[in-house]
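Report on the following structure.
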Amino acid sequence: MRLDDLDPTDNARDLGSGGGGGGGFGLLGLLPMLLGRGMGCGGIALIGIVALVYFAISGGGGMLGGGGGTQVQQGQTQGAAKACDTQAELFACRVMTSTEQVWGQVFAEQGKRYQPATINFFQNSVQSACGQASAAVGPFYCPSDKGVFLDTAFFDELDKRFGAKGDFARAYVVGHEVGHHIQNLEGTSAKVSQAESRGSRAEGNHLSVLLELQADCYAGVWAKRSGRLEPGDIEEGMTAANAIGDDTLQRQGQGQVVPDSFTHGTSAQRKQWLQRGLDSGDPAQCDTFNAAI
Ligand SMILES: [Zn+2]
């Protein structure tokens, strides 16, 4: 992708390093939660302490005000100065800028105003409005925060663990999470989580698959409309989408495949819907809920 001319987004925060923890509820990830759901109580207590320490260190609430020193400017986003400062963060921040341009235009065409997501960088674990989450769950989106959460160590994992190299593999990951943000703005995620709470586990999993495949398609729509793709990018994206399909991950992890437990779609489906977005550049083509899947 050609992104070098883009300024990093202003909608970025660096939340630093948290303690250990499990997956939170209601968050929309890139990966199936193979590690299981649920939050540990110890984790909640720990994150409370970590948060206190964090606020003390960063000067939030004037806790380190002592002796007429530098005043923390009101209205300054917590940690904003530090975000987008590493090479990996800068890359993600430029992707976010591009998504703001593209989705801003799509929404404008529909007579609506696009409200950007915030990208939250963290290391190891993080407290979101969806609960505490470990970096082990992979990148995710929390609807209540309107936030993408990313530990950029995942970029290395993409390469080393999933064999998905290249900048567009990483950009696809961010584009997928922004896809969940679009679903949040459209009210789709709220409808799905309501339906999930009413239906059976298998029905809930199926709805989750439809939501995830739509996010893959939206990632493709963004990439196509950005006009920033270079030769080889689409193959990089397809390799990544293939690597994180439910069937592929289950085969590698447990040696067998259980379709009823799928939450994100098979490798073939993820590639298909990413491709559909890439081909069309049209979000209307991403209606997984009315497609025969
Ligand atoms: Zn997802």
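Counting in the working numbering, the sequence shown runs from 6 upward without gaps. Just so it is clear, CB atoms sit at the ideal spot from N, CA and C, and this is done for glycine as well. Note that this is a predicted model, so its numbers are computed, not measured.
| Query | Result |
| --- | --- |
| So, under 8 Å CB-CB, Arg233 and Met38 are touching, yes? Tell me the CB distance rounded to an integer number of Å. | Incorrect: roughly 31 Å between the Cβ atoms, too far for contact. |
| Could you tell me which uninterrupted beta strand (DSSP E) segments, each at least 3 residues in length, are contained entirely in the region 86-141, listed from first to last along the chain? | 123-128, 130-133 and 136-139 |
| Check Gly70 in the structure and name its three-state DSSP category. | Bear in mind that a pLDDT of 31 at Gly70, under 50, signals an unreliable position, so the model cannot answer this. |
| Run the CB neighbour count on Pro236, radius 10 Å, all protein chains shown included, and call it buried at 16 or more, exposed below. | exposed |
| Got a sec? Which residues, its chain only, sit under 7 Å from Leu95 by beta carbon, not counting five neighbours each side? | Pro13 and Cys89 |
| Name the DSSP bridge partner or partners of Leu155? | Phe126 |
| Do Gly34 and ligand 1 come close, with the Cβ less than 7 Å from some heavy atom? | yes |
| Who are Arg18's beta bridge partners in DSSP? | Asn125 |
| DSSP beta-bridge partners for Cys147? | Gly152 |
| According to DSSP, simplified to helix, strand and coil, what is Ala289? | helix |
| Can you tell me whether Glu208 is buried or exposed, with buried defined as 16 or more other CB within 10 angstroms of its CB? | exposed |
| Should Glu201 be listed as close to ligand 1, given that the test is whether its C-beta is under 7 Å from any heavy atom? | no |
| Run through DSSP, which three-state label would Gly34 get? | strand |
| At a threshold of 7 Å, does His181 count as lining ligand 1 (C-beta to nearest heavy atom)? | yes |
| Could you say which of Gly34, Gln280 and Gln274 lies nearest to Ser139 if we only look at CA atoms? | Gly34 |
| How is the alpha helix (DSSP H) around Asp238 delimited, first residue to last? | Asp238 to Ala248 |
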